[in-house]
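A short write-up of the structure that comes next.
In our numbering, the protein residues as written are -2 to 423.
Take a look at the structure:
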């Protein structure tokens, strides 16, 4: 007998919560990539508008402040700038009238002359460098040389400092450096001692280097040696201008020593202005100009030591290029047989010469005589020879006696500039 199974129906009560929608401000888990709520977008928009307004007010306010300052202070600023600007008032005066001071320069004391300034130049655009026209005549035609304004004879004023031409120099922070004159004249030609001897005879030139360290030796050499012998001064000399002037007065042409790096540097150190292969081109050229600015009136330079420096093309080329630009002659002391200075000088058309013999600092008389004889053989074979000697008392005496008899043996003693570009490159 089957009994009927009753159907049971259960009805669950209502839940105490409900599903929230995005309208209530909170996204449903299934909302995924739904857009931001409307209220949030409204707040962001208001903030953007407010920020733009504040920025605009700041910009407009800043521009207004600048314009206001210019309106108020602009005229005074322009006036102050104009007041600080230097000016010179030049008035056209009647005949006989005296000008009145119109600048503060009239109240300043006269500056002291430079070591080698305008007062001892060889020549200037208006005269001979001594404050008088070349013909020695005054503005009304009277002779102004050897006479004072009252007509009395006076001794000529003694010239101070080396002789030089203003047109061949330029004033720099390192001193007065040589330059090519506007008319093309160069120092190596202008300051060269003239040579008018027999051009058919073999020529021998001598340069005495490292001059100036001893004033007494410089004075003795200038008095004893032939003026055909050239002197090269060390840039380290303390009274260089005075010694150069003294030697010029004796008729010698002038060169300047340029210390260069030797083998064994720094144990073998030529001095503080030595050109080094380890320095940049700028540093070496600064040292070169410091040496060139020590005096004036020289025809060229001679490299001292330099057995290392003259074999380095990268270091040597900029130095020789500057010497050419400044119108100087370069003499290579041949400190090493591997020097490339003559090849570089020839390629850039720099006036040049090379030593065929060097006399050591402590030579024996027999060794000096042997080297002088070698110079004679070189001159007889090639037509030209150049010797470099140090300023020693024994050297000065032997050089004086040897050079006095050169003409008897068929040679001509000449200044170093007279054999420029005459020797073969090798």
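Think of the CB as a built atom: it goes at the ideal place given N, C-alpha and C, for glycine as much as any other residue.
Computed from a prediction, not measured in an experiment: that's the story for all the values here.
Relative to the C-alpha of residue 267, which residue among 248, 306 and 278 is closest?
-> 306
Review point. If you count every other CB in all the chains shown that lies within 10 Å of the CB of residue 246, and 16 or more means buried, which is it?
Key: exposed
Is it right to say residue 326 is buried, meaning 16 or more other beta carbons lie within 10 angstroms of its own, or is it exposed? buried
Separation of residue 304 from residue 336, as counted between CA atoms
7 Å
In three-state DSSP terms, what is residue 357? coil
Original post:
Could you give the residue range of the beta strand (DSSP E) that holds residue 195?
Top reply: No beta strand (DSSP E) holds residue 195; DSSP gives it neither H nor E.
Just tell me which of 389, 193 and 242 has its CA closest to the CA of residue 251. 242
- Have a look at 210, 293 and 344 and flag the residue whose alpha-carbon is nearest the alpha-carbon of residue 185. 293
Between residue 204 and residue 299, is the Cβ-Cβ spacing less than 9 Å? yes
Review point. Within this structure, are the beta carbons of residue 413 and residue 296 separated by less than 9 Å?
Key: yes
Taking only the alpha-carbon atoms, compute the straight-line gap between residue 165 and residue 237 and give it to the nearest angstrom. 19 Å
What is the DSSP secondary structure of residue 276, counted as helix, strand or coil?
coil
*When we look at the beta-carbon of residue 290 and count the other beta-carbons within 10 Å, is it buried (16 or more) or exposed?*
buried
So, with DSSP's three-state summary, where would you put residue 183?
coil
- Item | Of the residues 168, 309 and 198, the one placed nearest residue 405, counting alpha carbons only | 198
| task | Count the other CB atoms, across all protein chains shown, that sit within 10 Å of the CB of residue 200; report buried if there are 16 or more and exposed otherwise. | result | buried
Going along the chain, which residues of its own chain have a beta-carbon closer than 7 Å to the beta-carbon of residue 187, five neighbours each way excluded? 162 and 165
Problem - Contact under 9 Å by Cβ, residue 230 with residue 261 - result: no
- Contact between the region 390 to 400 and the region 213 to 232: three or more CB pairs below 8 Å? yes
Open item on the list: For residue 213 and residue 388, I'd like the C-alpha separation in whole angstroms.
Closed with: 11 Å
Neighbourhood of residue 376 by C-beta, 7 Å cutoff - its chain only, sequence neighbours within 5 removed:
199, 200, 201, 382 and 408
- prompt: Would you call residue 317 buried or exposed, if buried means 16 or more other Cβ atoms sit within 10 Å of its Cβ?
  reply: buried
### Query
Nearest-angstrom Cα distance between residue 207 and residue 361?
19 Å
(message) Using 8 Å for Cβ pairs, my map puts residue 356 next to residue 386. What's the rounded Cβ distance?
(response) 4 Å
Note to self: Which residue wins for smallest C-alpha separation from residue 417, given the options 328, 182 and 286?
What the structure shows: 328
Query - Continuous beta strand (DSSP E) stretch holding residue 386: start and end - result: 381 to 386
Suppose the cutoff is 7 Å on Cβ atoms and the five residues either side in sequence are ignored; what does the same chain contact list for residue 271 look like? 256, 257 and 258
Looking at the secondary structure, which residues open and close the beta strand (DSSP E) in which residue 163 lies? Residue 163 -> no beta strand (DSSP E), and no H or E assigned at all.
ask   = By DSSP, does residue 202 sit in helix, in strand, or in coil?
value = strand
- Message: Just list the residues that DSSP pairs residue 230 with in beta bridges.
- Response: 208 and 253
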